[in-house]
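The structure under discussion appears below in the form of structure tokens.
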Amino acid sequence: MTEIDPTTRRRVLDGLREQRIETPSWAYGNSGTRFKVFAQDGVPRDPYEKVADAATVHRFTGVAPTVALHIPWDRVDDYAALAGYAKEQGVELGTINANVFQDDDYKLGSVTNPDPAVRRKAIGHLLECVDVMDATGSRDLKLWFSDGTNYPGQDSVRERQDRLAEALRQAHNRLTGQQRLLLEYKLFEPAFYMTDVPDWGTAYAHCLELGERAQVVIDTGHHAPGTNIEFIVAFLLRAGKLGAFDFNSRFYADDDLMVGSADPFQLFRIMHEIVQADALRPSYGIAFMLDQCHNIEPKVQAVIRSVLNVQEATAKALLVDVAALTDAQRNGDVLEANAVLMDAYNTDVRPLLRELREEMGLDPDPVAAYKRSGYLKRVRAERVGGKQAGWGA
1 MTEIDPTTRR
11 RVLDGLREQR
21 IETPSWAYGN
31 SGTRFKVFAQ
41 DGVPRDPYEK
51 VADAATVHRF
61 TGVAPTVALH
71 IPWDRVDDYA
81 ALAGYAKEQG
91 VELGTINANV
101 FQDDDYKLGS
111 VTNPDPAVRR
121 KAIGHLLECV
131 DVMDATGSRD
141 LKLWFSDGTN
151 YPGQDSVRER
161 QDRLAEALRQ
171 AHNRLTGQQR
181 LLLEYKLFEP
191 AFYMTDVPDW
201 GTAYAHCLEL
211 GERAQVVIDT
221 GHHAPGTNIE
231 FIVAFLLRAG
241 KLGAFDFNSR
251 FYADDDLMVG
261 SADPFQLFRI
271 MHEIVQADAL
281 RPSYGIAFML
291 DQCHNIEPKV
301 QAVIRSVLNV
311 QEATAKALLV
321 DVAALTDAQR
331 NGDVLEANAV
341 LMDAYNTDVR
351 PLLRELREEM
361 GLDPDPVAAY
371 KRSGYLKRVR
381 AERVGGKQAG
391 WGA
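Using UniProt numbering, the letters of the sequence shown map in sequence onto residues 1 to 393.
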């Protein structure tokens with residue numbers, strides 16, 4: 001595809017202008033591997049400084065107007081005040097993520113723990129997170145459970161599913177208004193024999209049982225090698241159960257690398273399914289969020305780069321010639337159908353995105369603009385002393 005006709009150009013630009021990508025508060029803190037958490041100068045020391053970093057990403061990209069919180073990492077005395085501060089900075093508070101995987105009580109699981117007292121504690125935290133949503137005006141409660149077992153026979157697989165279902169029911173019943181429950185899955189880790197929510201099918205079955213307000217989260221790093229993630233996307237879209245994405249990349253396991261860094265073609269294929277279902281627009285309801293741990297990269301710049309990677313994949317997906325693709329598919333022309341997709345994927349969309357940003361009153365090169373802004377130098381000077389945010393903070 002060498003030339004983009006004016007009608008297609010306008011359609012693609014309009015679609016990209018509507019796109020919204022949520023950034024996670026924890027991406028701005030210190031993170032690392034199991035062996036070491038690497039500290040960086042200028043890292044936020046509290047949720048307010050995380051919000052300021054998220055607002056900086058939005059200021060340079062124009063498509064990241066919300067920031068997800070993680071409780072208790074982002075616990076504050078007054079969530080309404082934090083929401084007010086976010087609004088002053090030009091962003092809003094988004095998804096509320098629960099944390100039932102770091103307390104010693106959760107060694108044998110949280111909501112699926114064989115001890116009723118531990119289960120009550122975990123469910124209490126889920127309900128606390130809904131209270132936070134009430135205060136922040138957040139729509140989504142995102143749940144990921146590290147629960148599972150390490151050895152055959154360690155616990156009853158079926159009873160753990162019963163316990164999980166009961167916890168989800170209580171959290172779901174606490175929701176009001178437009179609030180939703182988003183259930184995430186993960187193949188393995190930290191449980192190595194059996195994970196209680198290991199795949200999209202398990203998450204889908206529980207959400208189906210709960211009702212319309214419960215939907216599935218796809219974390220792109222949470223799959224076995226070779227998994228066809230775009231098939232999962234298409235299936236859940238068809239079923240009306242795709243609620244959110246956690247965008248990242250993986251090479252071996254859940255590496256939480258920058259989205260599009262390991263397999264940009266996979267990201268394009270995922271966004272193609274989204275575009276074909278007309279599910280890109282915010283009104284459809286899918287929460288597109290980054291979930292990344294920037295271990296060695298400068299935090300804010302890495303988040304900006306990740307947002308740009310999603311935009312590029314989306315632009316290419318919007319460029320697919322739907323009429324030509326449909327014609328080739330219906331005629332059984334295998335090679336032509338594939339060629340239509342590859343034609344869009346191989347298009348250099350960077351000039352198009354520069355044009356979009358200029359139309360939006362933004363610098364056409366967000367990374368370069370951020371570097372010139374002096375923001376990192378300023379926060380390095382300001383954020384001296386105190387405890388830096390990071391894993392467990």
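We treat Cβ as the ideally placed atom computed from N, Cα and C, and that holds for glycine.
Same chain only: Cβ atoms within 6 Å of residue i, ignoring 5 sequence neighbours per side
i      : result
Arg17  : none
Phe101 : Ser146
Glu336 : Ala328
Met1   : Residue confidence for Met1 is low, a pLDDT of 49 falling below 50, so the modelled location carries little weight and cannot support an answer.
Tyr79  : Val132, Ala135, Thr136
Pro364 : Arg354, Arg357, Glu358
Gly109 : Asp147
Ser373 : none
Leu362 : Gly62
Same chain only: Cβ atoms within 7 Å of residue i, ignoring 5 sequence neighbours per side
i      : result
Ala393 : The predicted position of Ala393 is uncertain, since its pLDDT is 43 and thus under 50; no value can be drawn from it.
Ala315 : Val12, Leu16, Val349, Leu352, Leu353
Ser31  : Val37, Cys293, His294, Asn295, Gly390, Trp391
Arg139 : Gln178, Gln179, Arg180
Gly42  : Leu376, Val379, Arg380, Arg383
Gly385 : none
Pro6   : none
Arg163 : Val111, Thr112, Arg119
Asp155 : Pro114, Thr149
Given residue i as reference, the closest of the options once Cα atoms are compared
i      : options                        : result
Arg213 : Ile286, Phe188, Tyr151         : Ile286
Gln19  : Gln311, Pro225, Lys186, Pro152 : Gln311
Pro282 : Glu189, Asn150, Asp14          : Asp14
Ala224 : Arg169, Leu93, Ser249          : Ser249
Glu230 : Arg357, Leu82, Arg174, Gln276  : Gln276
Asp256 : Tyr151, Ser306, Ala171         : Ser306
Leu187 : Thr227, Asp291, Val379         : Thr227
Glu297 : Val216, Leu93, Gly201, Gln40   : Gln40
Met289 : Asp278, Ala244, Asp321, His272 : Ala244
Gly211 : Gly201, Ala234, Glu184, Gly240 : Gly240
Lys371 : Asn331, Arg330, Asp333, Ala302 : Ala302
Pro24  : Arg10, Thr33, Pro44            : Pro44
Val216 : Tyr185, Arg9, Phe35            : Tyr185
Ala27  : Phe247, Arg330, Phe251         : Phe247
Glu359 : Ala98, Pro198, Phe251, Arg9    : Arg9
Ile96  : Ala324, Ile71, Asp162          : Ile71
Tyr106 : Asp53, Leu82, Ala191           : Ala191
Glu88  : Thr7, Gly124, Ala205, Val51    : Val51
Ala98  : Val91, Gly90, Ile123           : Ile123
Asp254 : Arg34, Lys121, Glu22           : Arg34
Leu143 : Glu92, Ala234, Gly90, Cys207   : Cys207
Phe251 : Leu318, His222, His172, Glu49  : His222
Asp103 : Gly90, Lys121, Val91, Pro116   : Lys121
Thr66  : Leu318, Arg59, Arg158, Glu22   : Glu22
Glu209 : Ala167, Asn331, Asp53, Gly84   : Ala167
Nearest-angstrom beta carbon gap, residue j and residue i [assumed within contact, 8 Å]
i      : j      : result
Leu182 : Leu126 : At roughly 12 Å, the Cβ-Cβ gap does not stay under 8 Å, so Leu182 and Leu126 are not in contact.
Val57  : Ala64  : 5 Å
Ile304 : Thr61  : 6 Å
Thr220 : Tyr193 : Rounded, the Cβ-Cβ distance is 24 Å, inconsistent with contact.
Asp196 : Arg169 : So it is not a contact: roughly 15 Å between Cβ atoms.
Asp321 : Val340 : 5 Å
Val111 : Arg119 : 6 Å
Tyr48  : Leu82  : 7 Å
Leu242 : Ile218 : 7 Å
Glu273 : Ala234 : 5 Å
Residue i CB to nearest heavy atom of the ligand FAD below 8 Å
i      : result
Ala313 : Looking for the ligand FAD in the displayed structure turns up nothing, as the structure carries no ligands at all.
Residues near residue i in its chain [Cβ-Cβ closer than 8 Å; skip 5 each side]
i      : result
Tyr375 : Thr56, Val300
Tyr151 : Tyr193
Asn309 : Met258, Val259, Gly260, Ser261, Pro264, Leu267
Leu325 : Ala337, Val340, Leu341
Glu128 : Ile71
Residues that DSSP places opposite residue i in a beta bridge
i           : result
Asp219      : Asp246
residue 478 : Because residue 478 is not part of the residues shown, which for the chain are 1 to 393, the question remains open.
Thr23       : Val67
Leu182      : Lys142, Gln215
Asn30       : Gly390
Phe38       : Ser31
Met194      : Thr149
Leu257      : Ser249
Chain C within 9 Å of residue i, Cβ atoms only
i      : result
Gly285 : Note that chain C does not occur in the displayed structure, where there is just one protein chain.
Item checked: Length-filtered (3 minimum) beta strand (DSSP E) runs lying within the region 130 to 171 -> If we require 3 residues or more, the beta strand (DSSP E) runs fully inside the region 130 to 171 come out as 140 to 143.
Check: Mind pulling the beta strand (DSSP E) runs of 3 or more residues that sit fully within the region 263 to 294?
Finding: Every unbroken stretch of the beta strand (DSSP E) spanning 3 or more residues and falling wholly within the region 263 to 294 is given here in chain order: 287 to 290.
Margin query: What ranges does the alpha helix (DSSP H) occupy inside the region 297 to 382, keeping only unbroken runs of at least 4 residues that lie completely in it?
Written below: Listed in chain order, they are 299 to 318, 322 to 330, 334 to 345, 350 to 359, 366 to 373, 375 to 382.
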